[in-house]
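*Asks:* Supplied in structure tokens, the structure appears directly below.
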Amino acid sequence: MILYTARRLVGAAGILLVICALTFAVFYLMPADPAQGACGKACSPERIAQIRATLGLDQPLPTQFAAYLGGIVAGRTYGSLECGFPCLGFSFQTNQPVWDALTSRLPTSVSIAAGAALLWLLVGCTAGVVAALRRGTVWDRAAMIAALGGVSLPIYLTALLSQYVLVVQLGWLPYPREVALTDDPVGWFQSMLMPWCTLAMLYAGVYARITRSEVLENLGRDYVRTARAKGLPEVTVLRRHALRPALMPVVTIFGMDLGALLGGALITESVYGLPGVGKLAADAINSADQPVILGVTLFAAAFVVLANVAVDLVYALLDPRVRTV
Amino acid sequence: MSLLSVRGLTVDFPSGVRAVDGLDLDVEAGRVLGVVGESGSGKSVTSLAVLGLLRNARVSGEIRFAGQDLLSLGPKAMRALRGDRMAMVFQDPLSCLNPYYPVAFQIAEAYRAHRRASRKAAHALAVSMLERVGIPEARRRARSYPHEFSGGMRQRVMIAMALCLEPDLLVADEPTTALDVTVQAQVLDLLRDLRERSGTAIMLITHDMGVVAGLADDVVVMHGGKRVEAGPVREVFHSPVTAYTRGLLDCVPRVDGPLPHRLPTVEVP
Amino acid sequence: MTVLPITRPADVPPLRRLLRQPSAAVALVVVVLLVLMAVFAPLLVWTSPTEFDSAAVDPALGGLPRGAFGGISAEHPLGVEPVSGRDVLARIVYGARVSLLIAVLATLVSVVVGTVLGLVAGFFGGVVDAVVGRLMDLLMSFPSLIFMIALISALPEANREALLVLVLGGFGWPYVGRIVRGQAMVLARGEFVAAARALGAPRRALLLREVLPNLTTPVLVVATMSIPGYIATEAGLSFLGVGVRPPTPSWGQMIASAVPWYAADPAYFLIPGGFLFVTVLAFNVLGDAVRDVLDPRSVRR
Chain A
523 MILYTARRLV
533 GAAGILLVIC
543 ALTFAVFYLM
553 PADPAQGACG
563 KACSPERIAQ
573 IRATLGLDQP
583 LPTQFAAYLG
593 GIVAGRTYGS
603 LECGFPCLGF
613 SFQTNQPVWD
623 ALTSRLPTSV
633 SIAAGAALLW
643 LLVGCTAGVV
653 AALRRGTVWD
663 RAAMIAALGG
673 VSLPIYLTAL
683 LSQYVLVVQL
693 GWLPYPREVA
703 LTDDPVGWFQ
713 SMLMPWCTLA
723 MLYAGVYARI
733 TRSEVLENLG
743 RDYVRTARAK
753 GLPEVTVLRR
763 HALRPALMPV
773 VTIFGMDLGA
783 LLGGALITES
793 VYGLPGVGKL
803 AADAINSADQ
813 PVILGVTLFA
823 AAFVVLANVA
833 VDLVYALLDP
843 RVRTV
Chain B
179 MSLLSVRGLT
189 VDFPSGVRAV
199 DGLDLDVEAG
209 RVLGVVGESG
219 SGKSVTSLAV
229 LGLLRNARVS
239 GEIRFAGQDL
249 LSLGPKAMRA
259 LRGDRMAMVF
269 QDPLSCLNPY
279 YPVAFQIAEA
289 YRAHRRASRK
299 AAHALAVSML
309 ERVGIPEARR
319 RARSYPHEFS
329 GGMRQRVMIA
339 MALCLEPDLL
349 VADEPTTALD
359 VTVQAQVLDL
369 LRDLRERSGT
379 AIMLITHDMG
389 VVAGLADDVV
399 VMHGGKRVEA
409 GPVREVFHSP
419 VTAYTRGLLD
429 CVPRVDGPLP
439 HRLPTVEVP
Chain C
6 MTVLPITRPA
16 DVPPLRRLLR
26 QPSAAVALVV
36 VVLLVLMAVF
46 APLLVWTSPT
56 EFDSAAVDPA
66 LGGLPRGAFG
76 GISAEHPLGV
86 EPVSGRDVLA
96 RIVYGARVSL
106 LIAVLATLVS
116 VVVGTVLGLV
126 AGFFGGVVDA
136 VVGRLMDLLM
146 SFPSLIFMIA
156 LISALPEANR
166 EALLVLVLGG
176 FGWPYVGRIV
186 RGQAMVLARG
196 EFVAAARALG
206 APRRALLLRE
216 VLPNLTTPVL
226 VVATMSIPGY
236 IATEAGLSFL
246 GVGVRPPTPS
256 WGQMIASAVP
266 WYAADPAYFL
276 IPGGFLFVTV
286 LAFNVLGDAV
296 RDVLDPRSVR
306 R
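Structure (structure tokens):
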């Protein structure tokens, strides 16, 4: 198990390195000159040359990449400017270190993502299980229609619609804003409720559909019949022999979605104007703030890759067949 | 009185297929009844009907087990009987064991469904059952998962699971079909041995006349959901009454007889 | 022996079985109508999607459309854009063209690339499989939406539509490739392939004549099911400002431009939003039905 974990972590590091190289290549080979971006519109050629030298843009690309990687693991300096570990460079727009910008935005994003994930797992899986066990009934049909609707509603549409109805028309909720959980729990909850539901709606539909088909498939398995032949109570048969195996694919997909979640958070945060990592990315893209875009992409990739490793480990814990391979 | 007595059993599926049609059979206490027939003759459906494991099917007729009318029992009473007084062994032990739990857990689970026992006591019982069915190093292997066993060992686990509550009746549906020939013989030996020691009656479903000859006392020949012939194995095998049974018997290659060029095909009556 | 009547579902033609489900039939009609609307856009609306109509908006109200529900009138059946007064119906109709075309082409790209690479990987195995497998893992563990946004924003502005097709298809093919690879692996070990091989068929013939035809069903199913995803993603990218550039209309971009107006002029986001929802929903329903009809088991989700 330890060996397995180590192997997966090394693999993850490899993937991250490749992603890092690719992202780096994309941004520094692009026609847009980072020095121009750093300097702003009205900028003298001398000033640009000076910035190029400071940022190391006059160096060959592999050297630049090595310096960038070195910055991440040990920090680096830009001319006289100190950039501590882990250094992802400075924002062209705000001159803030990218790492600080990321970490300061993280709590908002995590609040949104974690709450939404909890909500969609709860709602989606429950609906899926109920639909599977009550197959062909009104419950099943209603759950599946709702799921299909949820899957087909783009996040930004749900967001606009709910904000229009719940805030503008009915006035039931305040406009979402940045509230720290520790300062004002009620305000935090009120602010987060809409983003959670918005993000969860899409995924809950997906999960309801997956859970339903997995549970149905498992109900037809021979070992479920064996469990009944043993005279186990029906509740135990379902819980132990039909639901637990159905959980496996849900875990896999959850890991993959955790990664994609940042994309969803990006849209949600943009619509509701919440200052999370997604909003940071959106703003950086609009202002061509390359170090920030690069930093967010890498950060997101690291998140995805680690989530995948975590899923593999959970998988190995849950499924004895994986462990012995 | 027979331990299990089936009268006029008819099973209809929603698709309009009548899988079993007015079947009569009896399993005497402590004896082995072989139920033979080709695939689709309704023998497996019969076994599932006896245990009340058929879903979405209309079952009519009468199934009496130790004097109780099973078809009139509620699901709760049926559940109490299943696994306790009558147990089942299926054809494919790989798909019938849950891959997510150790084998001893799956045996202990069956025990704990019917008897009050601590996890520890149930586990100890499972280990002793594994020993009884001939799993080497049972104590260590008890915590292994089904995929870590060979086909024959898995079927031994299934048998241990079925017998852990010492049922009066064991329904074995093609228990050797999915196994290699040498392993088949071992599993049959095990069943024979267990039956002699515990006196459990066995309803043995198979398409293999050789298996019937080796283990059963009585035999019922099924065809198209109906009983075509019944009686003690010796009589039926020596002087089959119907052409169908004779056909089935002729299909078995014999070591002692003259070697035919082609095995005959079964003539449909 | 009694011969039981066996009706195999495969005896009924797939299209007829599809249309037997009322929901699938409705979805198919919706999809066909949408495609017709996109194809015959110039015949349907005479107003240009880029033509300004300053008479339809009220400068005194900051450019809000004159009239109720986003300025719905005989001249503008679905109202007009705030400020510019461009006709919403025309933009919807021409936007359908853009959205559907991008989604279909992206599906085509991902299906072609995914099938070729998946087939080669699954059939030949070994190093080829390892390389393709790694590549698919890599692409699937990318934070694709963020990367797509970053990539598109960094690339030159010219021809955004083609770029979207390439980027969507480029990140989408592993999902096709994974399924094709799995199927090809099973098929390559199949007995009919072994038989053909024993008869001395060359590898190319095995691949094209024995394996590829057997992949049609799963590929068709994945393709149908991925179209709504591409429609939604394209709209999402356009919504974020890295998709189709104005004045070319796209539904996502229309919704994005409606964000500042959502409280004052809700019709402006409800109309393109409604079209987007119905389109994605119809494709989803259709995708499910196609999967159920063609291939109830091997491809899930």
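As they're listed, the protein sequences go chains A, B and C. Quick note: the first sequence uses my numbering, first residue 523, plus one each step. Quick note: the second sequence uses my numbering, first residue 179, plus one each step. Quick note: the third sequence uses my numbering, first residue 6, plus one each step. Heads up, the beta-carbon is just placed ideally off N, CA and C, and yes, glycines get one too. All values reported here derive from a predicted model rather than from experimental measurement.
Can you pull the DSSP bridge partners for D247 (chain B)?
*Replies:* Bridge partners of D247 (chain B): B:R242.
*Asks:* Beta carbon of G388 (chain B), beta carbon of V430 (chain B): below 8 Å?
*Replies:* Yes, the pair counts as a contact, with Cβ atoms nearer than the cut-off.
*Asks:* Apart from the five residues just before and just after A29 (chain C), which ones in its own chain have a Cβ nearer than 7 Å to its Cβ?
*Replies:* Excluding positions up to five away in sequence, the list reads L23, V290, L291 and A294.
*Asks:* For R307 (chain C), which of C:G187, C:V98 and C:P252 has the nearest alpha-carbon?
*Replies:* No answer is possible for residue 307 (chain C): the residues shown for chain C start at 6 and end at 306.
*Asks:* State the DSSP-derived secondary structure class of M336 (chain B), mapped to helix, strand or coil.
*Replies:* Note: M336 (chain B) maps to helix in three-state DSSP.
*Asks:* Residues in the same chain with beta-carbon distance under 8 Å from N234 (chain B), minus the five sequence neighbours each way, listed in chain order, please.
*Replies:* Closer than 8 Å at Cβ, skipping near neighbours: F191 and P192.
*Asks:* When the Cα of P161 (chain C) is compared with those of A:F549, A:V690 and A:V772, which residue comes out closest?
*Replies:* The option with the nearest alpha carbon to P161 (chain C) is A:F549.
*Asks:* Does the Cβ of P271 (chain B) lie closer than 7 Å to at least one heavy atom of the ligand ZN?
*Replies:* By its list of ligands, the structure shown contains no ligand whatsoever, and the ligand ZN lies outside what it can speak to.
*Asks:* Tell me whether T7 (chain C) sits in a helix, a strand or coil according to DSSP, three-state version.
*Replies:* Unreliable positioning characterises T7 (chain C) in this predicted model, as indicated by a pLDDT of 40, which lies under 50. A coordinate reading is not provided.
*Asks:* Kindly list, in the order they appear in chain A, the residues whose Cβ is closer than 8 Å to that of F197 (chain C).
*Replies:* Within chain A, no residue comes near F197 (chain C); the closest Cβ sits about 27 Å away, beyond 8 Å.
*Asks:* Closest to L839 (chain A) by C-alpha separation, out of A:A822, A:L769 and A:L796, would be which residue?
*Replies:* Nearest C-alpha to L839 (chain A): A:L769.
*Asks:* Since V214 (chain B) and L201 (chain B) should fall inside the 8 Å C-beta cutoff, what is the C-beta to C-beta distance between them, to a whole number of angstroms?
*Replies:* Actually they do not touch by this definition, with Cβ atoms about 13 Å apart.
*Asks:* So with CB distances below 7 Å, who are the chain C contacts of F549 (chain A)?
*Replies:* Within 7 Å Cβ-Cβ: A159.
*Asks:* Give every residue of the same chain whose Cβ lies closer than 7 Å to the Cβ of S180 (chain B), excluding the five residues on either side of it in the sequence, and list them in chain order.
*Replies:* Closer than 7 Å at the Cβ level, and outside the excluded window around S180 (chain B), lie D204, V205 and E206.
*Asks:* What residues in the segment 805-819 of chain A bring their beta carbon closer than 9 Å to a beta carbon of chain C?
*Replies:* Under the 9 Å Cβ criterion, the segment 805-819 of chain A contributes A806, I807, N808, A810, Q812, I815, L816, V818 and T819.
*Asks:* For the segment 744-763 of chain A, which residues have a CB atom closer than 9 Å to at least one CB atom of chain E, in sequence order?
*Replies:* No chain E is part of this structure, whose protein chains are labelled A, B and C.
*Asks:* Name the two residues that bound the continuous beta strand (DSSP E) containing V205 (chain B).
*Replies:* It spans R196 to V205 - the beta strand (DSSP E) in which V205 (chain B) sits, taken as one unbroken run.
*Asks:* In whole angstroms, what is the alpha-carbon distance linking T790 (chain A) and V195 (chain B)?
*Replies:* Cα to Cα, the separation comes out at about 54 Å.
*Asks:* Note down, one range per segment and in chain order, each beta strand (DSSP E) of at least 3 residues found wholly within the segment 340-424 of chain B.
*Replies:* Those beta strand (DSSP E) runs which fall completely within the segment 340-424 of chain B and span 3+ residues are 347-351, 379-384, 396-401 and 404-410.
*Asks:* Please tell me whether V772 (chain A) and Y729 (chain A) are closer than 8 Å, where the distance is taken between their beta carbons.
*Replies:* It is a contact, given that the beta carbons lie within the stated cut-off.
*Asks:* Would you say R843 (chain A) faces chain B, with C-beta separation under 8 Å as the test?
*Replies:* Chain B contact via Cβ: present.
*Asks:* So P676 (chain A) contacts chain C; which residues on that side make the cut at Cβ distance below 7 Å?
*Replies:* By Cβ distance, chain C contributes A237, A240, G241 and L281.
*Asks:* Under 8 Å between beta-carbons, which chain B residues line up against R480 (chain A)? List them in chain order, please.
*Replies:* Any answer about residue 480 (chain A) is impossible in this case: the structure gives chain A only from 523 up to 847.
*Asks:* Give every residue of the same chain whose Cβ lies closer than 6 Å to the Cβ of L124 (chain C), excluding the five residues on either side of it in the sequence, and list them in chain order.
*Replies:* Only V185 and A189 meet the Cβ criterion.
*Asks:* Considering only their Cβ atoms, is the gap separating G100 (chain C) from S255 (chain C) smaller than 8 Å?
*Replies:* For S255 (chain C) and G100 (chain C), yes; Cβs fall inside 8 Å.
*Asks:* Please confirm whether G261 (chain B) has its beta-carbon closer than 8 Å to some beta-carbon of chain A.
*Replies:* G261 (chain B) counts as touching chain A.
*Asks:* Between the C-alpha atoms of I154 (chain C) and A200 (chain C), what's the straight-line distance to the nearest angstrom?
*Replies:* If I take the Cα positions, the gap works out to 49 Å.
*Asks:* Would you tell me roughly how many angstroms separate the C-alpha atoms of E413 (chain B) and V419 (chain B), rounded to the nearest one?
*Replies:* Looking at the two C-alpha atoms, the distance is approximately 10 Å.
*Asks:* Give me the subset of the segment 244-268 of chain C whose CB atoms are less than 9 Å from a CB atom of chain A, sorted by chain position.
*Replies:* So the list reads F244, L245, G246, V247, G257, I260, A261, A263, V264, Y267 and A268, given in the order they occur along the chain.
*Asks:* Quick check: the Cα distance between M714 (chain A) and A269 (chain C), rounded to an integer number of angstroms?
*Replies:* Taking the straight line from one Cα to the other gives about 24 Å.
*Asks:* Could you tell me whether the Cβ of E287 (chain B) comes closer than 8 Å to any Cβ of chain A?
*Replies:* Yes, E287 (chain B) counts as interfacial toward chain A.
*Asks:* Going along the chain, which residues of its own chain have a beta-carbon closer than 7 Å to the beta-carbon of M230 (chain C), five neighbours each way excluded?
*Replies:* Taken in chain order, the residues that qualify are G292 and R296.
*Asks:* Express the C-alpha separation of V827 (chain A) and L144 (chain C) in angstroms, rounding to a whole number.
*Replies:* Cα to Cα, the separation comes out at about 11 Å.
*Asks:* Excluding the 5 residues flanking E407 (chain B) on each side, which residues of the same chain have their C-beta closer than 7 Å to its C-beta?
*Replies:* The residues are V399, V414, P418, V419, T420 and T423.
*Asks:* Give the secondary structure of S193 (chain B) by DSSP, where H, G and I count as helix, E and B as strand, and everything else as coil.
*Replies:* Of the three classes helix, strand and coil, the one that applies to S193 (chain B) here is coil, per DSSP.
*Asks:* Looking at C-alpha atoms only, which residue of A:A534, A:Y526, A:I524 and A:A528 is the closest neighbour of N830 (chain A)?
*Replies:* For the residues A:A534, A:Y526, A:I524 and A:A528, the minimum Cα distance to N830 (chain A) belongs to A:A534.
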